[in-house]
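Colleague: Sharing a structure below in structure tokens format, with a few things to ask.
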Amino acid sequence: MSTLADFKVGDILEVIQFEGESQYEFKFISLGILPGDKLEIQSKSVLGGPISVKHEGASFFALRLDYAKKIIVKNLGKNS
Numbered sequence: 030m031s032t033l034a035d036f037k038v039g040d041i042l043e044v045i046q047f048e049g050e051s052q053y054e055f056k057f058i059s060l061g062i063l064p065g066d067k068l069e070i071q072s073k074s075v076l077g078g079p080i081s082v083k084h085e086g087a088s089f090f091a092l093r094l095d096y097a098k099k100i101i102v103k104n105l106g107k108n109s
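In this note's numbering, each residue carries its 1-based index in the sequence shown increased by 29.
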């Protein structure tokens, strides 16, 4: 299974589930990230820095790399 951290800038992804402890799931839900939501990777920092994500085509936020590795996603393609 692929995680949010595995993809590149411009990829559009669908959240499938969260991996790991409930502390991560609580964090994602508090950000409004739910299974079925669409995410687009806006930027990725080098050396394991944060990943900037566009959520449902509207809001933006950054996630630490270790958090991004806990979000299981499905690739829906690239932004054209």
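Heads up, the beta-carbon is just placed ideally off N, CA and C, and yes, glycines get one too.
Three-state secondary structure (DSSP) at D95?
Modeller: The sequence position of residue 95 within the sequence shown is 66, counting from 1. D95: helix per DSSP, three-state reduction.
Colleague: Determine the contact status of L105 and E48, defining contact as a CB-CB distance below 7 Å.
Modeller: If you number the sequence shown from 1, residue 105 lands on position 76. If you number the sequence shown from 1, residue 48 lands on position 19. Not a contact, by the Cβ cut-off of 7 Å.
Colleague: By a C-beta neighbour count over all protein chains shown, 10 Å radius and 16 as the cutoff for buried, is I58 buried or exposed?
Modeller: Translated into positions along the sequence shown, residue 58 becomes position 29. It counts as exposed.
Colleague: Report the rounded CA-to-CA distance for S72 versus T32, giving the unit in angstroms.
Modeller: Walking along the sequence shown from the start, residue 72 turns up at place 43. Walking along the sequence shown from the start, residue 32 turns up at place 3. Approximately 16 Å, taken between the alpha carbons.
Colleague: Quick one: Cα of R93 to Cα of G78, how far?
Modeller: Taking the first residue of the sequence shown as 1, we reach residue 93 at position 64. Taking the first residue of the sequence shown as 1, we reach residue 78 at position 49. If I take the Cα positions, the gap works out to 7 Å.
Colleague: Mind checking whether V159 and I70 have CB atoms under 7 Å apart?
Modeller: Residue 159 falls outside the range modelled here, since the chain spans only 30 to 109, and no answer is possible.
Colleague: Taking DSSP as the reference, what is the three-state secondary structure of G106?
Modeller: Taking the first residue of the sequence shown as 1, we reach residue 106 at position 77. Correct three-state label for G106: strand.
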